[in-house]
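Residue numbers (the working numbering): -3 to 371.
Positions of the beta carbon are idealized from the N, C-alpha and C atoms, including for glycine.
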Amino acid sequence: MNLLTAKRSWTVRYGAAVLSAGLAVGAIGMVETWKAGTGTVLAFDVAAIAFSALFGGFGPSIVTAIVAALAIDFFFIAPTHALMRSVPGFLDLTVDLLFAAGMSSVIAKLRSLVVELDRMADLRQQMLNVVAHDLRNPLSGIRLNASILGRMGEHPAPERVAKIAAQIEGATGRMDRLIGDLLDTEKIRSGHFRVKAEWGNGEDLVLDAVRTVSVQALNSGVELRTAIAAPAFPIYADNAELMRVICNLLTNAVKFSPRGGVVELRLERAADRACFVVSDEGAGIPEEDLGRLFDRYWQARETAHRGTGLGLFIASAIVRAHGGTIRVESTLGKGSRFFVELPLPAANGVLGNGLRVGNREPAERAEKNVARETQ
-3 MNLLTAKRSW TVRYGAAVLS AGLAVGAIGM VETWKAGTGT VLAFDVAAIA
47 FSALFGGFGP SIVTAIVAAL AIDFFFIAPT HALMRSVPGF LDLTVDLLFA
97 AGMSSVIAKL RSLVVELDRM ADLRQQMLNV VAHDLRNPLS GIRLNASILG
147 RMGEHPAPER VAKIAAQIEG ATGRMDRLIG DLLDTEKIRS GHFRVKAEWG
197 NGEDLVLDAV RTVSVQALNS GVELRTAIAA PAFPIYADNA ELMRVICNLL
247 TNAVKFSPRG GVVELRLERA ADRACFVVSD EGAGIPEEDL GRLFDRYWQA
297 RETAHRGTGL GLFIASAIVR AHGGTIRVES TLGKGSRFFV ELPLPAANGV
347 LGNGLRVGNR EPAERAEKNV ARETQ
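Encoded structure:
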């Protein structure tokens, strides 16, 4: 694989191209294959071009094709010691150039595939390292707390036991979420990931998400703000999975915000779509990373906050399963804004993406509940 992916200077690549052409022509001359037939000549010629395409790429393979064709025409095609004086000479050059172009194209695609496979293998290894670390930490905590419980005797202090139990519960919860992410990733990859939509209140979803992340924000010195469009409106979604998406975005926003920063969650309505917007005042995301932000295993470079690289990948899959979209806008030094847009049902029970949601009665009850709550 190093032959495909190794980076070489242009002098090495083009020098090897000329050398391979020279070796091919020399081999043809040594065995005097031109008198015996064209099969061996073609074999040496093709081998030289293929090696140049593999070793150097498109340009070097073209150089090999031209040098080899001209040398063969000059030394072996009558009239000899003359260039391009016969039809076979032109045909040989044309065939060599076409073969070089085709071979280079195939090898370029193969090289891209190998590079991508290597990148995915590296990312997978990084993810496994992070997973092992993230599992080892709560396991160590559980082991330590179990050891403490074992040394507390027959009549331990209830408040001490309750505190240890809470720590163990928190550790097992982190492990359960991590394992769930891994299982969901495999479901997404195999096309078996599904959501179960139902009518719900978008405002409740916003407030619940903020409450879930509030402790993390408090510990990080980050202020959480909400802004909810009026009048309130019901949404048709898998509330648990949508909550997961919003909490993931809020958690990331808090994690990458400076102490004293502000993270805001907005719920807006735009025509036939509901839009959740999470904004922060962090360092921002480099433009070259924006296109890969929702890739599996992708992680921000040069950051102290390492994760499995699955959160945004799963969030993107959840939003797509709802027929929605997720996107990001970011400016270095000013922060980022994530937009989650979901289709809203029309009066006839059809979503903005053309899907029918079924029974309209739950929606009418949800609208009445929302109206009462806002009065």
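- With a cut-off of 8 Å on Cβ pairs, the segment 321 to 332 is in contact with the segment 276 to 284, counting three or more such pairs.
- Each residue's CA atom was taken as its position, placing residue 199 and residue 224 some 7 Å apart.
- Note on residue 71: under 16 other CB atoms within 10 angstroms of its CB, so exposed under the neighbour-count rule.
- For residue 326, the enclosing beta strand (DSSP E) starts and ends at 321 to 327.
- Considering only 235, 5, 323 and 269, the residue with the shortest C-alpha distance to residue 204 is 235.
- Straight through space, the alpha carbons of residue 54 and residue 22 are spaced by roughly 23 Å.
- For residue 150, no alpha helix (DSSP H) segment is defined, and its DSSP state is neither H nor E.
- For the options 125, 10, 333 and 2, the alpha carbon positioned closest to that of residue 242 is the one of 333.
- As computed with DSSP, residue 337 is found in a beta bridge with 271 and 321.
- Residue 163 places its beta carbon 9 Å or farther from that of residue 146.
- Residue 238: member of the alpha helix (DSSP H) spanning 235 to 251, first to last residue.
- The residues 274 and 334, in chain order, have a CB closer than 6 Å to that of residue 245 in the same chain once the five nearest residues on each side in sequence are set aside.
- Counting C-beta pairs with one atom in each stretch, the segment 213 to 222 and the segment 248 to 267 have three or more that are closer than 8 Å, which means they touch.
- Where residue 201 is concerned, there is no enclosing beta strand (DSSP E), although the alpha helix (DSSP H) around it starts and stops at 198 to 216.
- By the beta-carbon neighbour count (other beta carbons within 10 angstroms, threshold 16), residue 308 is buried.
- Here residue 67 has 21 as same chain residues with Cβ atoms under 6 Å from its own Cβ, once five neighbours each way along the sequence are excluded.
- In the DSSP assignment, residue 224 falls within the beta strand (DSSP E) that extends over 219 to 224.
- In the DSSP secondary-structure assignment, residue 331 is bridged to 327.
- The beta carbon of residue 322 lies closer than 6 Å to those of 312, 315 and 336 in the same chain, with the five residues before and after it left out.
- For the 9 Å CB-CB criterion, residue 160 and residue 133 do not form a contact.
- Closest option to residue 135, judged by alpha-carbon separation, among 154, 171 and 265: 171.
- The C-beta distance from residue 49 to residue 96 rounds to 6 Å, short enough to fall under 8 Å.
- Residue 191 and residue 143 have their alpha carbons spaced roughly 41 Å apart.
- The C-alpha of residue 46 is placed about 7 Å away from the C-alpha of residue 99.
- Non-local beta-carbon contacts of residue 292 in its own chain, meaning distances under 6 Å to residues more than five positions away in sequence, involve 309 in chain order.
- The criterion of a C-beta distance shorter than 9 Å is satisfied by residue 197 and residue 231.
- When the Cα atoms are used, residue 276 and residue 209 turn out to be separated by approximately 14 Å.
- Within the DSSP bridge table, the entry for residue 195 names 232 as partners.
- Distances from the alpha-carbon of residue 248 to those of 233, 279, 222 and 269 put 279 closest.
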